[in-house]
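Quick notes on the structure that follows.
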Amino acid sequence: MKTKSIFRSFFPIIGILLLISISFSQVKTSYDYNILIKGGKVYDGSLKSAFKADIAIKNDKIVKVAKSIKGTAEWVMRAKGLIVTPGFIDMHTHADRGMFYPENRACLNYLKQGVTTIVAGQCGSSGWQIFEKAEDQMKRWTEEGIGLNAALLVGHGSVRRLVMGMENREPTADELELMKTLIREAMEQGAHGLSTGLIYLPGRYAKTDEMIELVKVIVPYGGIYHSHIRGESDQLLDAVNEAIEIGEKTEVPVHISHFKAINYNNWGKIKDACQLIEAAQARGLKVTADQYPYRFSNLSPYISLIPRKTWIGIAADELLKTEDMESVFDFLRDSQLIALYNKVSPKSLISELHQKYLETLPRKELVSLVATEIINLRDLWGPSNPKERFLFLERLNDPIEAEKILSEVSEYVNNSVPPENIIIAICVEKELEGKSLKEVAEIKGKSVAGTAIELALMGTLAVPMKMSEEDIEYAMKKDWIVTGSDGAAPFYGIGLPHIRSYSTFLHKIKKYALERKTVSLAHVIRSQTSLAARIMNWDDRGWIKEGCIADIAIIDLKKLKTDTSISNPHCYSEGVEYLLVNGKVVIYNGKYTGELPGRVLKLKK
Ligand SMILES: [Zn+2]
Numbered sequence: 022m023k024t025k026s027i028f029r030s031f032f033p034i035i036g037i038l039l040l041i042s043i044s045f046s047q048v049k050t051s052y053d054y055n056i057l058i059k060g061g062k063v064y065d066g067s068l069k070s071a072f073k074a075d076i077a078i079k080n081d082k083i084v085k086v087a088k089s090i091k092g093t094a095e096w097v098m099r100a101k102g103l104i105v106t107p108g109f110i111d112m113h114t115h116a117d118r119g120m121f122y123p124e125n126r127a128c129l130n131y132l133k134q135g136v137t138t139i140v141a142g143q144c145g146s147s148g149w150q151i152f153e154k155a156e157d158q159m160k161r162w163t164e165e166g167i168g169l170n171a172a173l174l175v176g177h178g179s180v181r182r183l184v185m186g187m188e189n190r191e192p193t194a195d196e197l198e199l200m201k202t203l204i205r206e207a208m209e210q211g212a213h214g215l216s217t218g219l220i221y222l223p224g225r226y227a228k229t230d231e232m233i234e235l236v237k238v239i240v241p242y243g244g245i246y247h248s249h250i251r252g253e254s255d256q257l258l259d260a261v262n263e264a265i266e267i268g269e270k271t272e273v274p275v276h277i278s279h280f281k282a283i284n285y286n287n288w289g290k291i292k293d294a295c296q297l298i299e300a301a302q303a304r305g306l307k308v309t310a311d312q313y314p315y316r317f318s319n320l321s322p323y324i325s326l327i328p329r330k331t332w333i334g335i336a337a338d339e340l341l342k343t344e345d346m347e348s349v350f351d352f353l354r355d356s357q358l359i360a361l362y363n364k365v366s367p368k369s370l371i372s373e374l375h376q377k378y379l380e381t382l383p384r385k386e387l388v389s390l391v392a393t394e395i396i397n398l399r400d401l402w403g404p405s406n407p408k409e410r411f412l413f414l415e416r417l418n419d420p421i422e423a424e425k426i427l428s429e430v431s432e433y434v435n436n437s438v439p440p441e442n443i444i445i446a447i448c449v450e451k452e453l454e455g456k457s458l459k460e461v462a463e464i465k466g467k468s469v470a471g472t473a474i475e476l477a478l479m480g481t482l483a484v485p486m487k488m489s490e491e492d493i494e495y496a497m498k499k500d501w502i503v504t505g506s507d508g509a510a511p512f513y514g515i516g517l518p519h520i521r522s523y524s525t526f527l528h529k530i531k532k533y534a535l536e537r538k539t540v541s542l543a544h545v546i547r548s549q550t551s552l553a554a555r556i557m558n559w560d561d562r563g564w565i566k567e568g569c570i571a572d573i574a575i576i577d578l579k580k581l582k583t584d585t586s587i588s589n590p591h592c593y594s595e596g597v598e599y600l601l602v603n604g605k606v607v608i609y610n611g612k613y614t615g616e617l618p619g620r621v622l623k624l625k626k
């Protein structure tokens with residue numbers, strides 16, 4: 022009886038609580054907006070100067086931009102003293118590799134820079150090393166969630182490798198047809214165009230005619246041809262001309278990836294390359310490019326100061342070679358090799374296609390694939406390998422050999438750029454990090470070559486600055502060049518990734534707009550928002566405008582910090598206080614919220 026009365030006396034209270042919770046949820050749904058951004062200085066994506074405005078967001082859209090917006094919102098972001106820009110679009114990234122792993126799917130390194138959309142599948146390489154269909158990749162990302170929006174290109178190199186292996190020849194008529202079919206299939210599945218890596222294998226084996234034939238497939242879809250062109254150093258101008266020719270013969274919009282002139286003897290050629298592009302634009306062709314704001318690229322940016330050839334010298338025959346390593350694996354049967362490969366390689370998880378690919382590989386290639394997947398010979402090279410070190414020091418003690426070594430090292434460190442452009446990155450003498458090889462030679466009172474040998478024997482790694490600051494600034498001023506990091510989604514703390522993965526977008530603002538004033542802040546913002554969206558044919562992104570998708574970055578310019586360096590690359594950028602992806606808050610008060618609201622952007626037919 023007693024329990025009943027307790028129940029009775031409690032019942033009205035439960036009722037009241039229920040009522041309160043109902044009325045609370047009613048209040049919640051009766052907000053005028055989901056998000057209200059108050060009092061920020063808005064750069065809307067255009068070149069016009071910033072204006073003070075409030076921005077209202079409902080679901081995933083910007084519904085109002087006005088001087089003052091009244092009304093209630095679930096989230097109110099006070100942006101007084103901060104700038105508000107469209108979320109940044111990274112026109113060129115290799116993040117799709119890292120995003121295979123769940124812990125990298127948020128792409129925190131990009132979110133922290135204000136990036137809300139990336140274009141992946143670059144440099145001829147889409148899917149995994151072998152091939153994953155665009156459809157499979159899109160499905161995986163949609164089901165598992167990604168931090169930012171991602172658009173995909175289909176990689177010419179991946180397609181060619183799947184059809185022709187690593188053959189250095191022209192495709193047969195059947196092979197060309199099969200490549201076209203695979204590209205068409207990817208376009209049907211929503212890819213935005215074709216990418217090439219014409220300096221890489223097997224892309225390098227493709228002649229211009231092959232590219233023209235394959236590019237024709239993407240034209241009816243409104244696809245774009247993104248090209249890592251055939252040369253960025255001595256062949257830069259020929260390579261730009263080839264890209265333009267492909268555009269001319271197919272009427273495809275051409276977009277040149279990571280536009281630059283590599284090596285000292287080519288510095289300044291960026292002007293000639295720009296002239297070629299602008300002449301093509303004047304003829305009515307669509308030609309654009311992307312650029313990252315750094316003086317070094319990623320083709321092994323970290324080098325030892327003794328070239329491999331000199332390090333080995335006459336000891337070549339005594340050292341471990343690829344063939345030695347392969348001969349070890351050659352003892353295993355095909356099935357054992359495949360089983361071993363599947364055990365160690367993350368690529369085996371990708372698709373059935375990959376398994377089929379392994380099963381049809383000729384014996385020699387299978388052995389080589391498994392051997393290189395398990396042992397990276399490069400990891401065993403250099404001063405930390407006792408045998409190699411012993412043989413090198415023995416040669417260094419021989420006066421004739423020593424002279425040869427010195428002259429070869431001297432040529433090497435003066436080859437692509439002069440020693441004042443070779444920067445010490447990782448060294449046991451910490452105080453030398455960040456100094457040039459020339460400065461270190463002066464400090465030590467030694468010749469440049471002698472210093473290089475001493476540093477190399479300590480295991481020092483250096484980064485040659487192969488591009489010129491003048492070229493970077495010259496290209497940056499062009500109104501047809503967008504920002505593309507060419508970065509990745511690295512595992513935080515592991516390895517030595519290029520710092521562009523961590524800082525491209527805020528570094529460009531900080532160094533080139535705020536410090537050096539090479540270009541205006543509005544120019545930089547346009548280059549990483551509306552211009553990129555226009556090239557990709559996205560009319561609802563890249564702008565702060567009513568009706569656009571709410572991809573928005575709110576940045577405190579006073580707190581901008583990009584501390585990543587070649588000596589300590591793993592360091593997130595700071596300064597993005599709030600970040601919205603499709604109207605969802607991914608960064609709040611500078612911290613990641615754990616949301617994965619990114620979408621796979623498919624090419625609209
Ligand atoms: Zn590339």
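According to this note's numbering, the residues represented by the sequence shown are 22 to 626, in order. Glycine included, every Cβ here is placed at the ideal spot set by N, Cα and C.
Please report the distance separating the alpha-carbon of residue i from that of residue j.
i, j, result
"Ile-447", "Phe-72", "45 Å"
"Phe-45", "Tyr-52", "Reliability fails at Phe-45, whose pLDDT of 45 lies under 50, so the model's placement of it is uncertain and the value that follows must be treated cautiously. Between Phe-45 and Tyr-52, the C-alpha separation is close to 11 Å."
"Ile-298", "Asn-189", "30 Å"
"Gly-471", "Phe-512", "36 Å"
"Leu-535", "Ser-405", "43 Å"
"Asp-560", "Leu-552", "11 Å"
"Trp-501", "Glu-380", "46 Å"
"Ala-543", "His-249", "28 Å"
"Glu-595", "Leu-361", "43 Å"
"Leu-600", "Tyr-593", "15 Å"
"Lys-59", "Val-86", "10 Å"
"Ala-260", "Gly-218", "12 Å"
"Ser-318", "Lys-281", "9 Å"
"Gly-214", "Gly-244", "4 Å"
"Ile-445", "His-276", "34 Å"
"Met-159", "Tyr-609", "27 Å"
"Lys-451", "Thr-481", "10 Å"
"Arg-627", "Lys-579", "Outside the displayed range of the chain (22 to 626) lies residue 627, so it cannot be described from this structure."
"Asn-363", "Ile-139", "30 Å"
"Gly-268", "Leu-306", "7 Å"
What residues match up with residue i in a beta bridge as DSSP calls it?
i, result
"Pro-407", "For Pro-407, which the question treats as bridged, DSSP gives no partner whatsoever."
"Gln-312", "Thr-504"
"Gly-214", "Ile-245"
"Trp-96", "Ile-56"
"Asn-589", "Ser-586"
"Phe-12", "Residue 12 lies beyond the range of the chain shown here (22 to 626); nothing can be said about it."
"Val-484", "Ile-444"
"Lys-61", "With the sequence shown as reference, residue 61 is identified as Gly, and Lys is not the correct amino acid for it. Gly-61 pairs with Ala-74."
"Ile-265", "Beta-bridge pairing links Ile-265 to no other residue."
"Ala-301", "In the DSSP output, where bridge partners are listed per residue, Ala-301 has none listed."
"Pro-618", "Ile-167"
"Val-602", "Lys-605"
"Ala-574", "Thr-106, Leu-600"
Take the Cβ of residue i as the centre, count every other Cβ of all protein chains shown within 10 Å, and call the residue buried at 16 or more, exposed below.
i, result
"Met-187", "exposed"
"Met-486", "buried"
"Val-430", "buried"
"Ala-303", "exposed"
"Asn-286", "exposed"
"Ser-70", "exposed"
"Gln-47", "Annotation note: pLDDT 42 at Gln-47 (below 50); position unreliable, coordinate value reported separately. The residue is exposed, with fewer than 16 neighbouring Cβ atoms inside 10 Å."
"Ile-291", "buried"
"Pro-223", "buried"
"Asn-397", "exposed"
"Ala-615", "According to the sequence displayed, residue 615 carries Gly and not Ala. With fewer than 16 Cβ atoms within 10 Å of its Cβ, Gly-615 is classed as exposed."
"Asp-338", "exposed"
**OP:** Report yes or no: do the segment 91-110 and the segment 226-246 share at least 3 C-beta pairs separated by less than 8 Å?
**Re:** no
Original post:
Between the segment 386-405 and the segment 431-443, do three or more beta carbon pairs fall short of 8 Å?
Top reply: no
Original post:
Which runs of the beta strand (DSSP E) spanning at least 3 residues fall entirely within the segment 121-194, listed in chain order?
Top reply: 136-141, 170-173
Original post:
So does the segment 127-147 actually touch the segment 159-178, counting three or more Cβ pairs closer than 8 Å?
Top reply: yes
**OP:** Could you say if the segment 78-85 and the segment 556-568 meet the contact criterion of at least three C-beta pairs nearer than 8 Å?
**Re:** yes
Original post:
Any contact of the segment 510-528 with the segment 461-471, i.e. 3+ C-beta pairs under 8 Å?
Top reply: no
**OP:** Could you tell me whether the segment 308-326 touches the segment 410-421, where touching means 3 or more Cβ pairs closer than 8 Å?
**Re:** no
Original post:
Which runs of the alpha helix (DSSP H), 4 residues or longer, sit entirely within the segment 446-481?
Top reply: 458-465, 469-478
**OP:** Tell me the start and end of each unbroken alpha helix (DSSP H) in the segment 318-391 that is at least 4 residues and wholly inside, in chain order.
**Re:** 329-333, 343-350, 355-365, 373-381
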